[in-house]
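Heads up: the sequence shown at position 163 corresponds to 229 in our numbering, and the numbers run straight through without jumps.
We put the beta carbon where it would ideally sit given N, CA and C, even for glycine.
Only a predicted model underlies this, so the values are computations on that prediction, with no experimental measurement involved.
Structure record follows, encoded as structure tokens.
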Amino acid sequence: MKSVNRRLVLLLAAVFFLTVLPLRSSAADQPPVSLQRAIEIAKLNFKIPESYTQFTSEFSDHENFPTWSLSWRSKDGSGGSFRVEVSADTGEITGMDFYQPDDSTNFAVRIPSYSIDEAARISESFLQRIVPGRMKELRPVSPIKQSENTYHSLNEYVFYWQRVVNNIPVQGERAVVRVNKFNGTVVSYQLNCTTSQFPSSSRVITAAQAEKAFKDMGMFELQYLVPPPYRPLNQDDAAEPQLVYRLTHKSGGMIDANTGKPFIVPPGHYLQGLDIYMGAAGMAEKRAALMDQAAKVELSPEEQEEIIKHANLLTQQEACQVVFEWIPAARDMSLRNAHLEAVYGQPQDRVWILSFTKKDAQGKDHRVYVRLDAASGEILSFSYSYPRDSFTKEKIKSPEVLEKTARDFLQRLQPEKSKYIRLDPYNENHSDPDDQSPIRYFYFNRLVNNIPVPNHGISVALDSISGEIIEYELYWPDLKFPAPTGIMNTTRAVASYLEQQPLTLSYCILTSDRGTKEVHLVYIPWSDYDSGPYMMLDARTGKLLDWNGRPLPEPPAAEAFNDIDGIPGQREINILGQMGFFGEYGNSFKPNQPITLVSFLRALILARQGDKGVYELDDAEILKQAKFYGWLREDLPANTALNRATAGRIIIRYLDLERVARLQNIYLNHYDDIDKNDSFVGYAAILKGYKIMEGEGSKFRPSAVVSRADAAGFIFRMSKVDLK
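Spelled out as structure tokens, the structure:
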């Protein structure tokens, strides 16, 4: 038999496959909208800066929504960038970002050149031009209710446009437009309107029926809220507990519009655009870490010895004996590290940090780590890690047995505190251990006046096979809790909650981890504040609270003041009012009233710091801060009626131009009511040059009293001063 030419056979086989199996056509790979067409769409709708000559493109197909992403930038990368996203299916523009280096920080005062109303009109005009066919489905959300628009440090206003289909909002689908406050340019745009099929709402229950179901389900629980500590510098700065009603039901307050029952997000799912509803953990809120510990300050051995001597603290040996009593495994280990720490912000408190280790016969590590109060010997936390063999779920002990073991341990270790705890009913981490680890966790809430304190309490972890306690942590700060008196009952709390966030029929898009989507009709507590529901309210006032216990800010009126119609500078004064300036008299501006020294300084501090809390400071603190900044050198009473000369000096100091202003014989004196040898000549010249404060013809009128309208004009014109 002749030998076979292997190379010839392979060549013939390749020819056969190329002949029988047609090559995938490059045309077939092309989406309906080609790259060239996407570029044309982008350039027809946007003016790309000529200096942006570096072009790149990307194609993506996420969840069956193919998109072209087009980017232009300057070659050296210093001049910013322009990015446009175009649907490769429809040619619809779905995104845009225009980044330019921020030069607004060069200005003396960061005051928007555009009011929020003017910027809102710009955003609407932009959408009408870019996606005119979508406008019938997009409803503007009140921009004054978005917290982002109250932050003066941000360069843009943000405008949300909610998608509405069949007169029902589609949660998670909307357009977002950002407009630069200083130049009126649209700098960012995103459109998410991908769902096309919606169920009929013809058979849904009424809002009244949904409200009854909501009230009947016991959605709320009275709790103590302790805002996050943010590591206070001293005890007086620590946040005080407050009584709140928190929406704790697993549904997060959602009612299925078809069945009238609570709508609970199943595990492994989430609601598009509604991150607050988390199905994976079966919880209605994002939970903070249970044991948020304060930072520590480490002490040297010499400092430790001196402190132990004078503060009656446990010695290192005594601390180790406490550890051996509760964690016997540590007796056979070597002490590897021990140090005494002062708790940051609580210098009177000391903590021993001890770590023990050993290697077993197989050379594997065993470790114990402990934190304990150096004064009382109370164990604050410990962990015990050791090698574990593989296990099967058949070997694990039942949840009831493990919970009893945990409770018995706490009754021995914390006999008093264990009387005031409950197993956290909203934490589902008590479920069976996974296949990777045999550890089971139990979280116990602290109870005060029989009211739970979430995120305070004790956590215990057990080896579910041996039943051994392997982790323990205590978070039980010494705080003064208010008595539960003068609070509204649950019925009134629920009514107050629904008054502020009425149940709103919505399309909600339930998405699984696998990417499948279902559209559900749901009644959801809703308001336009920050485009999301709030989950708790003050138990005394009934006002909605954010996660830190702060009440929602009152939205500013579209017209900040009610007494400025028709006066010169009305637009500028209104912009300042929306930012919080000149709020001493509420919604009255009192334009013709003389400005007092402290009112003017208060406005300048707001201009510098951007914090409206300046209007909560007393007059003495305002004068103190102004002197600290170097704006005020004169000793004047807070209520002094400000004249033009004093106001001018303060402005020049604010601009850090006083040394220049005091230079002699270099300035032209424009005014005949200022002596040519007066040191104020330079101040007046600079004020005139920057068009902040000008005279009337040849008169500066240095002693004339400044009105509140004049002062507002000075501050607004200061925002045009470029200091670079």
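Candidates the options: closest to residue i by CA position
i: residue 278; options: 328, 243, 190 and 292; result: 328
i: residue 312; options: 590, 332 and 285; result: 285
i: residue 139; options: 753, 255, 122 and 438; result: 122
i: residue 147; options: 615, 254 and 666; result: 254
i: residue 668; options: 655, 648 and 659; result: 648
i: residue 587; options: 326, 175 and 479; result: 326
i: residue 193; options: 175, 111 and 173; result: 111
i: residue 517; options: 528, 487, 535 and 606; result: 487
i: residue 608; options: 545, 269, 589 and 561; result: 561
i: residue 634; options: 673, 775 and 687; result: 775
i: residue 99; options: 119, 131, 142 and 157; result: 157
i: residue 127; options: 393, 152 and 163; result: 152
i: residue 729; options: 750, 738 and 720; result: 750
i: residue 714; options: 702, 685, 309 and 754; result: 754
i: residue 479; options: 524, 320, 546 and 724; result: 524
i: residue 593; options: 574, 205 and 211; result: 211
i: residue 115; options: 96, 141 and 129; result: 141
i: residue 449; options: 217, 396 and 720; result: 396
Within 8 Å, strictly: CB atoms of residue i and residue j
i: residue 451; j: residue 540; result: no
i: residue 232; j: residue 267; result: yes
i: residue 526; j: residue 445; result: no
i: residue 406; j: residue 441; result: no
i: residue 610; j: residue 566; result: yes
i: residue 236; j: residue 226; result: no
i: residue 404; j: residue 382; result: yes
i: residue 702; j: residue 663; result: yes
i: residue 508; j: residue 469; result: yes
Residue i to residue j span [Cα, whole Å]
i: residue 257; j: residue 712; result: 52 Å
i: residue 303; j: residue 124; result: At residue 303, the pLDDT of 49 sits below 50, so the modelled position is not reliable and the matter cannot be decided from this model.
i: residue 828; j: residue 240; result: Given that the chain is displayed from residue 67 to residue 790, the structure contains no residue 828 and the question cannot be resolved.
i: residue 618; j: residue 459; result: 48 Å
i: residue 135; j: residue 209; result: 29 Å
i: residue 543; j: residue 522; result: 8 Å
i: residue 178; j: residue 245; result: 11 Å
i: residue 347; j: residue 333; result: With a pLDDT of only 34 at residue 347, under 50, the local geometry of the prediction cannot be trusted, and the value read off the model is given with reservation. Approximately 7 Å, taken between the alpha carbons.
i: residue 150; j: residue 183; result: 26 Å
i: residue 430; j: residue 414; result: 40 Å
i: residue 604; j: residue 570; result: 22 Å
i: residue 659; j: residue 568; result: 43 Å
i: residue 716; j: residue 710; result: 10 Å
i: residue 38; j: residue 579; result: Residue 38 cannot be examined here, being either before or after the span of the chain that is shown, 67 to 790.
i: residue 144; j: residue 168; result: 12 Å
i: residue 782; j: residue 638; result: 7 Å
i: residue 223; j: residue 215; result: 6 Å
i: residue 759; j: residue 252; result: 32 Å
i: residue 689; j: residue 683; result: 10 Å
i: residue 744; j: residue 778; result: 27 Å
i: residue 386; j: residue 437; result: 11 Å
i: residue 275; j: residue 564; result: 13 Å
i: residue 788; j: residue 727; result: 17 Å
i: residue 557; j: residue 322; result: 22 Å
i: residue 718; j: residue 174; result: 11 Å
i: residue 740; j: residue 761; result: 11 Å
i: residue 338; j: residue 230; result: 15 Å
i: residue 455; j: residue 531; result: 11 Å
i: residue 316; j: residue 306; result: 28 Å
i: residue 336; j: residue 591; result: 17 Å
i: residue 287; j: residue 271; result: 26 Å
Rounded Cβ spacing between residue i and residue j (contact assumed at less than 8 Å)
i: residue 457; j: residue 489; result: With 8 Å as the limit, residue 457 and residue 489 do not qualify as a contact, their Cβ atoms being about 25 Å apart.
i: residue 292; j: residue 519; result: 6 Å
i: residue 133; j: residue 154; result: 6 Å
i: residue 462; j: residue 491; result: That belief does not hold up - the Cβ atoms of residue 462 and residue 491 are roughly 22 Å apart, past 8 Å.
i: residue 644; j: residue 181; result: 6 Å
i: residue 627; j: residue 666; result: With a Cβ gap of about 17 Å, residue 627 and residue 666 do not count as contacting.
i: residue 176; j: residue 785; result: 7 Å
i: residue 221; j: residue 247; result: 6 Å
i: residue 670; j: residue 646; result: Wrong, their Cβ atoms sit about 13 Å apart, outside the cutoff.
Cβ-heavy atom distance, residue i to the ligand ATP, below 7 Å
i: residue 772; result: Looking at this structure, you won't find the ligand ATP or any other ligand, since it has none at all.
Exercise. Inspect the CB distances between the stretch 169 to 188 and the stretch 607 to 617 and report whether three or more fall short of 8 Å.
Key: no
Exercise. Give a yes or no on contact between the stretch 549 to 559 and the stretch 100 to 117, applying the rule of three or more CB pairs nearer than 8 Å.
Key: no
Quiz item: Between the stretch 728 to 737 and the stretch 686 to 698, are three or more C-beta pairs nearer than 8 Å?
Solution: no
Exercise. Determine, using beta-carbon pairs with one atom in the stretch 414 to 424 and one in the stretch 470 to 484, whether at least three such pairs fall under 8 Å.
Key: no
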